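A short worksheet on the structure shown next.
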Amino acid sequence: MQFLLFYIFTATNFIPLFMKQLLIAFCLIVLVQPATYAQTSWKSSDYMPEAYRKVMVLAKITDVVARKQLEDFTVKLLTDKGIVAIPAYANVKKTDGVSREAFLVIADSLQVDALLVYSVNGTEKRVKNTPSLSVGVGVGMYGGYAGASVPISGGAKMVTLVKLSAYFYNRASKDEQWAQPLSGTLEGGTDKLAYTFARTTVKAMMKDGMFITKK
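Just so we're on the same page, this note's numbering is the position in the sequence shown counted from 1, plus 549.
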């Protein structure tokens with residue numbers, strides 16, 4: 550830091566004082582910026598995109614408002630990309646304790662061929678609860694659908710960091726076909742964070758070529 554400022558002073562003797570001050574201020578801003586790290590998605594090496602009739606979006610979150618926001622934002626963004634999608638909360642009554650056979654009946658009745666699941670990994674835990682991108686063993690869409698939802702808040706305490714993972718399943722495979730780690734700070738309402746998670750997920754899925762689109 551001191552070397553950089555010394556270099557600016559000695560190497561810019563012929564630059565007006567106000568310009569020199571701007572350069573110093575710029576360097577200070579750059580040096581104090583916190584480091585950020587991109588979270589990359591994972592896709593199965595043998596995945597082939599299909600023309601899915603419908604994609605159901607399921608957020609495994611007990612908070613009703615946050616779940617609806619995340620599912621609705623994701624559905625809207627997928628729809629804007631030409632993907633037919635529906636939110637789970639508006640189309641199914643139960644998402645845990647359902648047998649595989651019962652789930653397939655539900656999927657068939659809704660013409661659902663693929664499932665996008667948001668699963669909470671942890672809150673306010675920056676080290677231990679890291680997102681998992683491991684491939685499931687013979688679970689398929691049912692494995693992504695079944696199972697209990699969890700809260701995104703730590704009781705009465707304000708949540709500062711939320712970590713989720715988005716997983717994509719289809720009928721053609723027994724395992725998850727795509728995954729994306731997500732993390733963000735929750736301040737006040739959940740709407741902004743839900744939209745950010747949805748936007749990040751849909752953008753990554755489109756970039757990774759997960760769908761055959763008409764648009």
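By construction, the Cβ of each residue, glycine as well, lies at the ideal position given by its N, Cα and C atoms. Since the model is a prediction, treat every value here as computed from it, not as a measurement.
Cβ atoms of T739 and Q660 stay farther apart than 8 Å, at about 30 Å.
In this structure, I635 lies away from K609, with their beta-carbon atoms at least 7 Å apart.
Taking the CA atoms as reference points, A721 sits about 25 Å from D621. Pairing F717 with L665 gives a Cβ-Cβ distance under 7 Å. From the listed residues T750, K723, Q726 and N640, the smallest Cα separation to G733 is found for T750.
In the DSSP annotation of this structure, F760 is not part of any alpha helix (DSSP H), being labelled neither H nor E.
About 27 Å separates the beta carbons of Y596 and R616, which is beyond the 8 Å limit, so they are not a contact pair.
Pairing V614 with N670, the inter-Cα distance amounts to about 19 Å. With distances taken between CA atoms, Y667 lies nearest to M605 out of M605, D757, V647 and S658. Counting only the Cα atoms, V624 lies some 17 Å from Q729.
For the options N719, E650 and T611, the alpha carbon positioned closest to that of P598 is the one of N719. DSSP lists I635 and L664 as the beta-bridge partner residues of M605.
Under the three-state reduction of DSSP output, L710 falls in the coil class, being neither helix nor strand.
Of the residues assessed, K712 falls on the buried side of the cut-off, its CB having 16 or more other CB atoms within 10 angstroms. Exclusion of the five residues before and after I761 leaves P598, E599 and A600 as the residues of its chain whose Cβ lies within less than 7 Å of its Cβ. Around L607, the same chain offers A637 and V666 as residues with beta carbons nearer than 6 Å, after the five sequence neighbours per side are excluded.
Of the residues assessed, T589 falls on the exposed side of the cut-off, its CB having fewer than 16 other CB atoms within 10 angstroms.
In this structure, I655 sits near V641, with a CB-CB distance shorter than 7 Å. By the 16-neighbour rule on beta-carbons within 10 angstroms, E650 is exposed. Relative to the Cα of R748, the nearest Cα in the group Q726, D629 and K643 belongs to D629.
Q726 and E736 have their alpha carbons spaced roughly 32 Å apart.
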